[in-house]
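Data block below; observations after.
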Amino acid sequence: MNDDIKQIQGIKRPYDVTPSASAGYQPVAKKKKGVPIVGTTLRELIHTSAKLESTTIDGRSRNCPYLDTINRSLLDFDFEKLCSITLSNNNVYACLVCGKYFQGRGQKSCAYTHSVEGEHHVFINLHSLQFFCLPDNYEIIDSSLDDIKYVLNPTYSKEQIEQLDRNEKMVRAYDGTLYLPGIVGLNNIKANDYCNVILQALVNVGPLRDYFLQEDNYADIRVAPGDIMINLVKRFGELVRKLWNPRNFKAHVSPHEMLQAVVKCSRKRFQITQQGDPVEFLAWFLNSLHLTLNGTKKSNSSIVYKAFQGKMKIYTRKIPPIDLSEDEKRKLLAIEEYREYDEETPYLFLSVDLPPPPLFRDEFKESIIPQVPLFQILTKFDGQTAQEHKTYKDNFLKRYEIRKLPPYLILCFRVKLPIYIEFVN
Numbered sequence: 005m006n007d008d009i010k011q012i013q014g015i016k017r018p019y020d021v022t023p024s025a026s027a028g029y030q031p032v033a034k035k036k037k038g039v040p041i042v043g044t045t046l047r048e049l050i051h052t053s054a055k056l057e058s059t060t061i062d063g064r065s066r067n068c069p070y071l072d073t074i075n076r077s078l079l080d081f082d083f084e085k086l087c088s089i090t091l092s093n094n095n096v097y098a099c100l101v102c103g104k105y106f107q108g109r110g111q112k113s114c115a116y117t118h119s120v121e122g123e124h125h126v127f128i129n130l131h132s133l134q135f136f137c138l139p140d141n142y143e144i145i146d147s148s149l150d151d152i153k154y155v156l157n158p159t160y161s162k163e164q165i166e167q168l169d170r171n172e173k174m175v176r177a178y179d180g181t182l183y184l185p186g187i188v189g190l191n192n193i194k195a196n197d198y199c200n201v202i203l204q205a206l207v208n209v210g211p212l213r214d215y216f217l218q219e220d221n222y223a224d225i226r227v228a229p230g231d232i233m234i235n236l237v238k239r240f241g242e243l244v245r246k247l248w249n250p251r252n253f254k255a256h257v258s259p260h261e262m263l264q265a266v267v268k269c270s271r272k273r274f275q276i277t278q279q280g281d282p283v284e285f286l287a288w289f290l291n292s293l294h295l296t297l298n299g300t301k302k303s304n305s306s307i308v309y310k311a312f313q314g315k316m317k318i319y320t321r322k323i324p325p326i327d328l329s330e331d332e333k334r335k336l337l338a339i340e341e342y343r344e345y346d347e348e349t350p351y352l353f354l355s356v357d358l359p360p361p362p363l364f365r366d367e368f369k370e371s372i373i374p375q376v377p378l379f380q381i382l383t384k385f386d387g388q389t390a391q392e393h394k395t396y397k398d399n400f401l402k403r404y405e406i407r408k409l410p411p412y413l414i415l416c417f418r419v420k421l422p423i424y425i426e427f428v429n
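Yeah, the sequence shown ends on 429 if you go by our numbering, and it's all consecutive.
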């Protein structure tokens, strides 16, 4: 018997791992000769998760008696597609009666148990968009459910996209609220308002919006295996399509899935529970989109650079120390180190400074809000106005000159708010 045990222990099973693997190391698949390991595309990932299931179609499929139990006012597909019991994201179904998410539809699954205990019978697969009746386990085929399918995954044709900017009509949601597609509120989950303002501004930029409204534009982008940054592109595309959906059930959208992708892709640099800097988020988000869309340093390598990238020339000169005499300063300025040099650099947005608020109040004892022309604020980039920049060691004098404006110019205003400022609605 001991000899048999030794023989069994000597057999190496295909799923045996080494001690280093159990400590967090993941073994890499061996590369076969002549077969390169290539990445996957977003289209392949979507088709893999949205694979149609083998179902039973009978006479009940087109005459389901439970369609009148669907409660559209409770349906919300903006949240992360996780089972409310197991927290799994595999094979998740949504109950169309109560709106909760459950996993599977087998006899021992959470969805099956919910259908028996709660007498809720109509479910939709959140990946394949198929409707099922449980516990009878047959597929429901009915055109009256197309509005639910469209809310879950809105699609747009080229003709519809071309008419978006021309359409100024208000539409009515299922709950009776009037709204304008594209101008839809984003839910503030906790402290994510700094992300919401950036996302709402970007989804109204024409070229960026048109690009992400059609999933085919970025579905064939090839990414490396295990690259999580593709989720940022996928979730942003879903958010754009939901914000411009003219058939929403409600006049607001929850950016929950989008923010989860931001937290994960930024490695918790930007979080939902903590306030962040909108300008830092804008810079990270635009650059991340550009790189994930296989963008390069070329100006037209991605839709981000096509819409927002401009060029400016920066003139830099090192300032001599203050404690030197005029003759010593004059000698230093003749050295190569202190001569002015210029370089051309691209930009995605411009940071401008507002003038300080006046100290005095008006006759109504209210704060005076000064009105400053935009051209006066942009004198910082006329190539003549110099600004001093201090480092831990040296001081530099820099001048900025805009050489090329992008189709869409983003201006970021830095405002310091004293505690005595009163906010008026």
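Yeah, the Cβ is synthetic: ideal placement off N, Cα and C, and Gly gets one too. Because the structure is a prediction, the values reported are computed rather than measured.
Ala390 carries a strand assignment under DSSP once its states are collapsed to helix, strand and coil. Gly387 and Phe312 have their C-alpha atoms roughly 21 Å apart. The beta carbon of Lys194 sits closer than 6 Å to those of Ile276, Thr277, all from its chain and outside the five residues before and after it, given in chain order.
Of the candidates Lys254, Pro250, Phe285, Phe285 places its Cα closest to the Cα of Val266. DSSP places Asn235 inside the alpha helix (DSSP H), whose first and last residues are 234-247.
Here the alpha carbon of Lys310 sits roughly 11 Å from the alpha carbon of Leu409. Around the Cβ of Cys114, a 10 Å sphere holds 16 or more other Cβ atoms; the residue is buried. Residues of the same chain with a CB within less than 6 Å of the CB of Lys254, apart from the 5 flanking positions on each side, are Ala177, Asp179 in chain order. Residue state for Asp346 is assigned as strand, using DSSP reduced to three classes.
Exclusion of the five residues before and after Leu138 leaves Arg109, Ala115, Tyr116, Ser119, His125, Phe127 as the residues of its chain whose Cβ lies within less than 7 Å of its Cβ. For the pair Val155 and Asn93, the CB atoms are not nearer than the 9 Å cut-off. Just so you know, the alpha carbons of Phe379 and Gly314 end up roughly 18 Å apart. Val201 and Ile145 have their C-alpha atoms spaced approximately 40 Å apart.
CA-to-CA, the gap between His260 and Leu336 works out to about 57 Å.
Setting aside the 5 residues that flank it on each side, Ser88 is surrounded in the same chain by Lys104, Tyr105, each with a C-beta closer than 6 Å to its C-beta; the list follows chain order.
Phe289 is positioned such that its CB atom lies closer than 9 Å to that of Leu206. The residue from His393, Glu163, Met233 with its alpha-carbon nearest to that of Arg321 is His393. A distance below 9 Å separates the beta carbons of Asn171 and Pro185.
Short of 6 Å from the beta carbon of Ile326, and not among the five residues preceding or following it, lies no beta carbon of its own chain. The alpha-carbon separation between Asn221 and Lys238 amounts to approximately 11 Å. Under the 10 Å beta carbon count, Pro69 is surrounded by fewer than 16 other beta carbons and is classified as exposed.
In the DSSP annotation of this structure, the continuous segment of the beta strand (DSSP E) that includes Asn129 starts and ends at 126-129. Residue burial is scored here from C-beta neighbours: Thr300 has fewer than 16 other C-beta atoms within 10 angstroms and is therefore classed as exposed. Across the structure, Gln167 and Pro411 are spaced so that their CA atoms are roughly 20 Å apart.
Taking Lys162 as the centre and dropping the five residues before and after it, the same chain places the C-beta of Gln218 closer than 8 Å to its C-beta, in chain order.
Here DSSP, grouped into helix, strand and coil, assigns Phe253 to coil.
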